[in-house]
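Numbers 110 to 315, taken from the working numbering, label the letters of the sequence shown in order.
Glycine included, C-beta positions come from ideal geometry on N, C-alpha and C.
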Amino acid sequence: MPAKQNHETPPVERVLVIACGMLAREVLAVKAQGALDHMDLTCLPAEYHFRPDRIAPEMDKAIIKAKAEGYRHIFVGYGDCGTGGMLDRVIEKHGVERMEGPHCFAFYQGSKTFEAQGDRDMLSFYMTDFLCRHFDNFFMKPLGLDRHPELIKDFFGNYEKLVYLAQTDDPALDKVAEDAARLLGLAYERRFTGYGDLVPALSRVA
110 MPAKQNHETP
120 PVERVLVIAC
130 GMLAREVLAV
140 KAQGALDHMD
150 LTCLPAEYHF
160 RPDRIAPEMD
170 KAIIKAKAEG
180 YRHIFVGYGD
190 CGTGGMLDRV
200 IEKHGVERME
210 GPHCFAFYQG
220 SKTFEAQGDR
230 DMLSFYMTDF
240 LCRHFDNFFM
250 KPLGLDRHPE
260 LIKDFFGNYE
270 KLVYLAQTDD
280 PALDKVAEDA
290 ARLLGLAYER
300 RFTGYGDLVP
310 ALSRVA
């Protein structure tokens, strides 16, 4: 009697994305849109955006932990993000890869678009959906601007324009960005980027 053939599809191995907390909502959105059910997400704290010296050592720990948990496929959801090459040393050490580009402001726009903007954005202050949602907790309160608005010129006086890189069409977030530009004394520009290079990058590694 011939052997019974097994036509079951082999299970898909899980992929872990270790991302900046500022990207959590966006990574989950891309995962849902692409039906990437075998993709898991863990995040480092979003406040490392202001402490880039913490990113590389904490990422090193996170990758070691993930490998100990059995993950063989790991993707880093960060650009260089101000680490001065230290993050690249960590990912090279562990044989993983990261998002291309210097930071999320670049890969949201797409690396080619970001490079094309070049000098025109040199004096621009970028905001994203995340930063609009957390403008008070990330800027107003930590910098003391809610108590000492006279400090606004000290922190933002060298900028000329606030550019809101919008991942979604949300009138409430638009208003936050517009109000922030007015408060900071900056010209305002809104650019709808969607999720930018996150979509092809996560689809590829998945």
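Relative to the C-alpha of residue i, which residue among the options is closest?
| i | options | result |
| --- | --- | --- |
| A289 | P309, S312, C241 | C241 |
| T192 | V185, D162, L307, V139 | D162 |
| I127 | C152, L145, G143, H158 | C152 |
| I183 | A281, V136, D149 | D149 |
| L145 | L132, E122, Y157 | E122 |
| G179 | V124, I261, Y235 | V124 |
| R313 | C129, V139, E135, G130 | V139 |
Around the C-beta of residue i, are 16 or more other C-beta atoms found within 10 angstroms, so that it is buried, or is it exposed?
| i | result |
| --- | --- |
| Q276 | buried |
| M110 | Bear in mind that the predicted position of M110 carries a pLDDT of just 47, short of 50, making it too unreliable to give a figure here. |
| I200 | buried |
| I172 | buried |
| R257 | Sequence check: residue 257 is His here, not Arg. Answer is exposed; the Cβ neighbour count stays below 16. |
| D189 | buried |
| D306 | buried |
| H158 | buried |
What are the boundary residues of the alpha helix (DSSP H) that includes residue i?
| i | result |
| --- | --- |
| F223 | 220 to 226 |
| K170 | 164 to 177 |
Compute the Euclidean distance between the alpha carbons of residue i and residue j, then round it to the nearest angstrom.
| i | j | result |
| --- | --- | --- |
| P154 | V272 | 24 Å |
| Y217 | E259 | 32 Å |
| T302 | K176 | 33 Å |
| K324 | F214 | Any property of residue 324 remains undetermined from this structure, which presents the chain solely from 110 to 315. |
| G186 | M168 | 10 Å |
| K284 | R207 | 33 Å |
| R299 | F239 | 15 Å |
| L274 | L196 | 24 Å |
| L232 | P251 | 22 Å |
| A225 | M236 | 19 Å |
Output yes if chain D places a C-beta closer than 9 Å to the C-beta of residue i; else output no.
| i | result |
| --- | --- |
| M195 | Absent from the structure is chain D; it holds one protein chain and no more. |
For residue i, report the span of its beta strand (DSSP E) as first-last.
| i | result |
| --- | --- |
| D283 | That residue, D283, is in no beta strand (DSSP E); its alpha helix (DSSP H) goes 280 to 293. |
| C129 | 124 to 129 |
| R256 | Neither: R256 is in no beta strand (DSSP E) and is coded neither H nor E. |
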